[in-house]
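Undergrad:
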Amino acid sequence: MYSKTPDIIPFTSPFKVELLTQAQLETLQGGTLRLLDEVGVHFPSQGALEIFADHGAQVDWETETVRIPPELVQKAMSTAPRSFVLGGREERFDLLLDGSCSHLCTDGTGVHVVDLETQEMRASRKEDVARMARVCDALPLISFYWPMVSAQDYGRTAPLHQCHAGLTSTLKHVRGGMTVPPQLAPYVVEMAMTVAGSAEALRQRPPICANICTIAPLSQDGHGIETALVYAEAGIPTSFMAMPTMGSTAPATPPGALAVGDAEVVSGMVLLQLAYPGAPVFHSILVSLMEPRTGGYVSTVPVFWSMMTAQLAHAWNVPSLGGARVSGDAPDIGWQSGREGGFGSALIPLCGSEVTGLLGLLGSAMILYPEQMILDYEICQFAYDVLHGFEFDAADMALDVIKGVGPRSHFLAQKHTRKHIRDFRLSPLLRQKDSDGNLRDPREVALEEFKRLDEAHHPQPLPREALAELDRILAAAEREAERIS
Amino acid sequence: MIDIKPIRFKSHRGVLSAAELAAIQSATLRVLEHVGVCFPSERALRVFAEHGAQVDLDGQIVRLSPDLVTEAMSLAPRSYVLAGRAEGTDLLLNGTSSYFGTDGTGTLTADFETGEQRHSCKDDVAKMARVADHLSSIAFYWPMVSAQDYGRLASLHEIDASFNNTVKHVQTVTVMGERMAHYAVRMAEVVAGDRDSLRARPPLSSLVCTIAPLAQDKHGIEGAMAFAEAGIPVGFMSMPTIGSTAPATAGGALTVGNAELVSAMVLMQLVAPGAPVFYSLCASVLDPRTGGYIVGIPEKYLCNTAGVQLAHDWGVPTLAGAFAMDCPEPNTWQLGRDSVYTALMVAQAGADLAEGLGMVKASTLLVPEQIMFDDEIYHTHRILAEGVDVDADSLAVDVIADVGPRGHFLAQKHTRRRVREIWIPELTHPRPPRAGEPLDDVRKRARAGLDRILAEHEPEPLEEAAQAELQAILDAAGRELGI
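Chains as they are written, first to last, in our numbering: chain A, 655 to 1139; chain B, 73 to 555.
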């Protein structure tokens, strides 16, 4: 027996905001083109350098730096698809990234977990990845599972085990590809192919996508880039994620940080288009600030990054991943996490990123408190209710009812009230009372709800043969990891 | 120098379409014409009758024709000044800036020393006025709690404590009745200097609540008429509760609230044509399980934002409800979450004024440090609203070129110059403690910030003669009212 996975609910919003003017966007893109042309990006990969050289980019073999002329950037980017599908186990979990709606994703990849049983903080494990995937499988607003923590109990093959835990624990799309030693990347592709059914099915409805982090400023990771080429060859959609930090790895101004991040992301996308024209790619920039007094990392700076990065992605005519971020810097659950989640969620409907939200982690994406997912989810449900706006018709004004009641009376006894008063969604976490009538802490209610889902929700497993095949692939990957170490 | 930092969104965004707005306005006109509003005041009924409204003297119900409504409303000014008593404290309400103020008026205070909850007093009003005077998020001051140690004269003592402890504009929400309003007008005159200055740059405004559904309070409306005649801006706040005092639909609640507010503003224009008025609609929802009052719910935010649009459609400034959540405790996840929404939405819709910083438990309990939490959320909104400039220095292509791939920006002059322009939320990202010292939790840090203000900030005092005159007015009020 297994639990049915509810249909996913995307965010559609009448409130999308275009913060940057066309002229500002062109200035930003102009900055990116200049940086790519005049400064270049470091690509420590022989393969990548050869692809660039073959297509007429200016390659400095010694410094491994590539300068890409604007025409080549434009030509390569013109083959990147504006819209494509991220597949789920069933078609009802497929996400068409075409700008018509936003899909919420989990945040990743933390390293600390507050244990569900002991409440002590410990290193994250594969079972945490699987448990969070199962719980998110039950939450309809979540469409896209990014393994939330690292499978640290698996050492060098941790990323493959995260992918495995995701694919076996949820029917939703999994961000299963990440930077691994390039020799291990084919095993990730094989796992995806096993779940999809065939190489062709993998291309049509890829059950995983990949994320490759760039290195600010203006650099790529050698393994990351070579892994991305393996994924792209198989048709696995790949996002490049730049994480410039204003003041240390990027200029201390928002447009400067965007320019650095954009140049990194675009250089990666250009490479994939040159190697595999038409490869599905998406654009992702998460900007942070170096705290000038401590050198610390501040991810919640009040700038409308989400809107600007989404606009930039769409200006390059590719989907956007990231933007609004419900997770924040708060080290624990409290006012700060509520505040940060409140801000992040309010931006979801405004930014129009295809994949967004990044729910469920604390401490700048380092710490997983299981109940935080339920709290963040509630915040997003709230944002969904608020920012869908009014569904308004003339009957809503209830003129006859008002007339019937008249001045100085009340509406408690009206049929109209009985009919409509339950239309409003009341939070299941707030205003709950214990047996003595005292208000309960929402956090405690959230933990209870998490435990309930953890116990009750067991999504349909993969077919037995597929599970066995995945195990064989993992075992082979382990042997390969052993060999290359 | 007083620093008031309003929120300025470059473009505004509401929740009602033009057609939806028109539908509510037309429904409101129908309610005003056919159902009417209760005005339990002989004077108000007389004024309405004199201007051709249909008055039912027995039921004290006034029905207003659409022509009378639109004609009267056309006299209300869209733009005017709420004045402070120091340079840089005047608030021009013209739709370009959202000015925020404190929340009020509670009856309980978590004692400044012991933290125990007790009845609020005049000294609380004074202390929080000093804090408000310091914070750049606060543009005007509502006495946050009731001066219950002064009984029936509480409202005047709240004004006295406010005028004496902040140079910012003061808005009373508790002065009721014509006689009390006259004393308040005299106090405002003392601060303004004379009657003409009071009209030109009123240091006091007043807010009066209507009673849902479709009724006015006798003392509230009679006080409002006295204020309007003296040139003191008067706002009306409707607080329909969806499901009990309003229909169980957002559209119905907006219609009921809108009708109450418009009927009161029409009366002001009939009494004192051109009187500065403002509009305030704050909805809530009945909890069908308990009969309780719910503030932190999406429909409230939507209705409050719609209220901003309705006010501007009538061509008057608005006071929007923001912050002021129903959570009973500061520093909780719920409060952090809830506080974000209202302020963001009403400022984005272009609210001229918004109240609400500093209280918990649905505006009934003053926890002194709460205002520090709200202040931080406020500034986050403010900076978000400013957006970014994409100029050459910001884009910094030359700096990036100098640093090149795999370098860092720590040693760049550009970094030194620009990194400190970035506002860092102090409460959530505190300075590290000295070596070996623990970092206090966020609530203690908020409290320490508040205590620093109380210890160090001394607002510019009123002239001694003015202080004495205010006291003389309070004494006279006590004598004349037999208190």
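We put the beta carbon where it would ideally sit given N, CA and C, even for glycine.
1) Pull up the distance between the alpha-carbon of Ala-527 (chain B) and that of Arg-515 (chain B), whole angstroms please.
2) Closest by CA to Leu-1015 (chain A), which one among A:Gly-995, A:Gln-1114, A:Gln-773 and A:Arg-1133?
3) Hey, which unbroken runs of the beta strand (DSSP E) at 3 residues or more fall wholly within the region 281–366 of chain B?
4) Ala-896 (chain A) CB to nearest chain B CB: under 8 Å?
5) Determine the extent of the beta strand (DSSP E) in which Thr-181 (chain B) is found, giving its start and end residues.
6) Starting from Gln-712 (chain A) and walking both ways along the beta strand (DSSP E), at which residues does that stretch end?
7) Among the residues of its own chain, which have a CB less than 7 Å from the CB of Ala-911 (chain A), if the five just before and after it don't count?
8) For Val-834 (chain A) and Thr-881 (chain A), what's the separation of their Cα atoms in angstroms?
9) Which class does Thr-377 (chain B) belong to by DSSP, given the choice of helix, strand or coil?
10) Give me the chain B residues within the contact set of Trp-970 (chain A), using Cβ-Cβ distance strictly less than 8 Å, ordered along the chain.
11) If distances are taken between C-alpha atoms only, which option among B:Ser-435, B:Tyr-450 and B:Ala-421 comes closest to Phe-997 (chain A)?
12) When the Cα of Ile-663 (chain A) is compared with those of A:Pro-1117, A:Phe-747, A:Arg-1094 and A:Ala-1052, which residue comes out closest?
13) Please report the straight-line C-alpha distance between Arg-1126 (chain A) and Ala-812 (chain A), rounded to a whole angstrom.
14) Evaluate Asn-971 (chain A) with the Cβ neighbour count: other Cβ atoms within 10 Å of its Cβ, from every protein chain shown; 16 or more gives buried, anything less gives exposed.
15) Measuring alpha carbon to alpha carbon, tell me which of A:Glu-725, A:Ala-855, A:Tyr-656 and A:Gly-685 ends up nearest Asp-465 (chain B).
16) So what does DSSP say about Arg-258 (chain B), is it helix, strand or coil?
17) Threshold first: 3 residues or longer. Then list the beta strand (DSSP E) segments lying entirely within the region 711–759 of chain A, N to C.
18) Just curious, the alpha helix (DSSP H) that Ile-555 (chain B) is in, first and last residue?
19) What do you reckon, are the CB atoms on Phe-235 (chain B) and Gly-173 (chain B) nearer than 8 Å?
20) Does the distance from the CB of Ile-1075 (chain A) to the CB of Leu-358 (chain B) come in under 8 Å?
21) Leaving aside the five residues before and after Arg-258 (chain B) along the sequence, list all residues of the same chain whose C-beta is less than 6 Å from its C-beta, in chain order.
22) Listed in chain order, which residues of the region 266–295 of chain B have Cβ atoms closer than 8 Å to some Cβ of chain A?
23) Excluding five sequence neighbours on each side, which residues of the same chain lie with their C-beta closer than 6 Å to the C-beta of Tyr-46 (chain B)?
24) For the region 407–440 of chain B, which residues have a CB atom closer than 8 Å to at least one CB atom of chain A, in sequence order?
25) Chain A beta carbons: is any one of them nearer than 8 Å to that of Gly-473 (chain B)?
26) Just the Cα atoms here: how many angstroms apart are Arg-102 (chain B) and Leu-542 (chain B)?
27) Which of the three DSSP states, helix, strand or coil, is assigned to Arg-478 (chain B)?
28) Report all residues from its chain with a CB closer than 6 Å to the CB of Arg-736 (chain A); omit the five preceding and five following residues, and keep chain order.
29) In angstroms, rounded to a whole number, what distance separates the CA positions of Ala-201 (chain B) and Cys-790 (chain A)?
30) Does Thr-666 (chain A) have its Cβ less than 8 Å from a Cβ in chain B?
31) Nearest to Gly-949 (chain A) by alpha carbon, out of B:Pro-402, B:Pro-504 and B:His-384?
32) Can you list the residues of chain A that Asn-403 (chain B) reaches, using a CB-CB cut of under 7 Å?
33) Below 7 Å CB to CB, which residues in the same chain sit around Phe-1078 (chain A) once its five sequence neighbours on both sides are set aside?
34) Just grab the DSSP bridge partners of Lys-1087 (chain A) for me.
35) Kindly provide the ranges of any beta strand (DSSP E) runs that are 3 or more residues long and lie completely inside the region 800–841 of chain A, ordered along the chain.
36) Thinking just about the alpha-carbon of each residue, which of B:Asp-470, B:Arg-490, B:His-486 and B:Ile-79 is nearest to the one in Glu-692 (chain A)?
TA: Reading from the atomic positions:
1) The straight-line gap from Cα to Cα measures roughly 18 Å.
2) A:Gly-995
3) Every beta strand (DSSP E) stretch that sits fully inside the region 281–366 of chain B and reaches 3 residues is listed by chain position as 306–310, 349–353 and 356–358.
4) no
5) 180–182
6) In the DSSP assignment, Gln-712 (chain A) falls within the beta strand (DSSP E) that extends over 712–714.
7) Pro-898, Met-900, Ala-904, Pro-905 and Val-941
8) 7 Å
9) helix
10) Neighbours of Trp-970 (chain A) on chain B: none; closest Cβ ~16 Å, over 8 Å.
11) Of the listed residues, the one whose Cα sits closest to Phe-997 (chain A) is B:Tyr-450.
12) When only C-alpha atoms are compared, the closest one is A:Phe-747.
13) Straight-line Cα distance between these residues: approximately 16 Å.
14) exposed
15) A:Gly-685
16) helix
17) 712–714, 719–721, 738–740 and 749–751
18) First-last for Ile-555 (chain B): undefined, no H or E at that position.
19) no
20) yes
21) Ile-545
22) Against chain A - using a Cβ distance shorter than 8 Å - the residues of the region 266–295 of chain B are Ile-283, Pro-285, Leu-286 and Ala-287.
23) As displayed, chain B neither begins before 73 nor continues past 555, which places residue 46 (chain B) out of reach and without an answer.
24) Residues of the region 407–440 of chain B with a C-beta atom less than 8 Å from some C-beta of chain A are Leu-407, Gly-408, Arg-409, Asp-410, Ser-411, Val-412, Tyr-413, Leu-416 and Met-417, listed in chain order.
25) Per the sequence shown, residue 473 (chain B) should be read as Ala rather than Gly. So yes, Ala-473 (chain B) belongs to the interface.
26) 46 Å
27) coil
28) By the criterion of a C-beta distance shorter than 6 Å, Arg-736 (chain A) is surrounded in its chain by Asn-971, once the five residues flanking it on both sides are discounted.
29) Going from the Cα of Ala-201 (chain B) to the Cα of Cys-790 (chain A) covers about 47 Å.
30) For Thr-666 (chain A), the answer is no, since every Cβ of chain B falls outside 8 Å of its Cβ.
31) Closest by alpha carbon: B:Pro-504.
32) Gly-988 and Trp-989
33) none
34) A:Leu-1093
35) Correct list: 827–831.
36) Of the candidates B:Asp-470, B:Arg-490, B:His-486 and B:Ile-79, B:Asp-470 places its Cα closest to the Cα of Glu-692 (chain A).
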